[in-house]
Each structure stands twice: as C-alpha cells, then as structure tokens.
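Written below as structure tokens is the structure these notes are about.
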Amino acid sequence: MTANDAQNFKDRLLAELAELDLDDARGAEGQKVVPLDQQAVGRLSRMDALQNQAMAKATQTRRTAQRQRITAALARIEEDEFGFCEDCGEEIALGRLELDPTAPKCVSCAAG
1 MTANDAQNFK
11 DRLLAELAEL
21 DLDDARGAEG
31 QKVVPLDQQA
41 VGRLSRMDAL
51 QNQAMAKATQ
61 TRRTAQRQRI
71 TAALARIEED
81 EFGFCEDCGE
91 EIALGRLELD
101 PTAPKCVSCA
111 AG
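Numbered by full-length UniProt numbering, the letters in the sequence shown go through residues 1 to 112 in order.
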C-alpha cells in the first residue's frame with residue numbers, strides 16, 4: 001500500500017466520522033425520555049414512542065461501535081500498521097479495505 005492509498009483511506013475514515021457526528025445530532029431527539037402523560041398521548045401512541053426510543057438507542061449503539069472501529073483504523077494508519085492483519089501480520093487485500101477500511105484482519109484470519 002502506498003502513502004497515497006493510506007491518505008485516501010484516512011480521508012474516507014475522517015469523512016465517515018464526521019457523518020457519524022451528524023447522525024448523532026439528528027438521533028439525539030429520538031433518545032429522549034418518553035413522558036407518561038395519559039391526557040396528551042394515548043397508550044398506543046406512548047408504546048410507539050417507546051419503541052421509537054428503543055430503536056434510536058440501538059442505532060446509537062451501532063454508531064458508537066462504528067466510531068470505535070474508525071478510531072482504531074485511524075490509529076493503525078498513524079502507526080503505519082494500516083493494511084496489515086492484526087493476527088498474522090500479512091497484508092490485507094486492497095479490495096477488502098475498499099469495502100471496509102476498518103477491517104483489522106485479512107479474510108483468512110477473519111474467517112477463523
């Protein structure tokens with residue numbers, strides 16, 4: 001992998017990180033506490049609101065996990081370890097990294 005390839009992956013990862021930040025801001029409203037006000041909202045509407053809140057929290061959990069994978073990949077770029085399997089040390093196929101630049105393992109090690 002060339003230095004240019006690594007820089008392209010870094011730029012792509014930073015853009016994904018910025019997109020996650022935007023998604024966090026958009027999803028914050030859906031995670032707020034659902035008030036128990038039987039006069040303003042019916043029972044089914046409250047159940048819908050609780051379900052929407054649970055889905056928003058699950059989405060936030062997935063974004064947090066993705067943020068951690070991106071941060072780890074950026075650290076590997078800074079340490080000049082990006083593109084090498086963390087298990088066997090072999091080079092990760094460029095096609096695999098293009099599909100998922102956060103992949104820390106080659107296909108063989110990821111398969112087990």
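Ideal placement from N, C-alpha and C gives every residue a C-beta, glycine not left out.
Query	Result
Just checking my contact of Pro-101 with Arg-12 at CB under 8 Å: how many whole Å lie between their CB atoms?	6 Å
Can you say whether Gly-83 is buried or exposed, counting buried as having 16 or more other CB atoms within 10 angstroms of its CB?	buried
Are any of the Cβ atoms in chain D nearer than 7 Å to that of Leu-74?	You won't find chain D in this structure, because it holds only one protein chain.
Do you know how far the Cα of Asp-87 is from the Cα of Asp-48?	45 Å
In terms of alpha-carbon separation, which member of Ala-110, Gln-68, Arg-96 lies closest to Leu-14?	Gln-68
For a minimum of 4 consecutive residues, which ranges assigned as the alpha helix (DSSP H) are wholly contained in the segment 48-100?	94-99
If the criterion is Cβ atoms closer than 7 Å, does the pair Ile-92 and Ala-6 meet it?	no
Grab me the residues of Arg-96's own chain with a C-beta within less than 7 Å of its C-beta, minus the 5 sequence neighbours each way, in chain order.	Ala-103, Val-107
If you reduce the DSSP assignment to three classes, tell me which class Ala-103 lands in.	coil
Would you say Ile-70 and Glu-16 are within 7 Å of each other, going by their C-beta atoms?	yes
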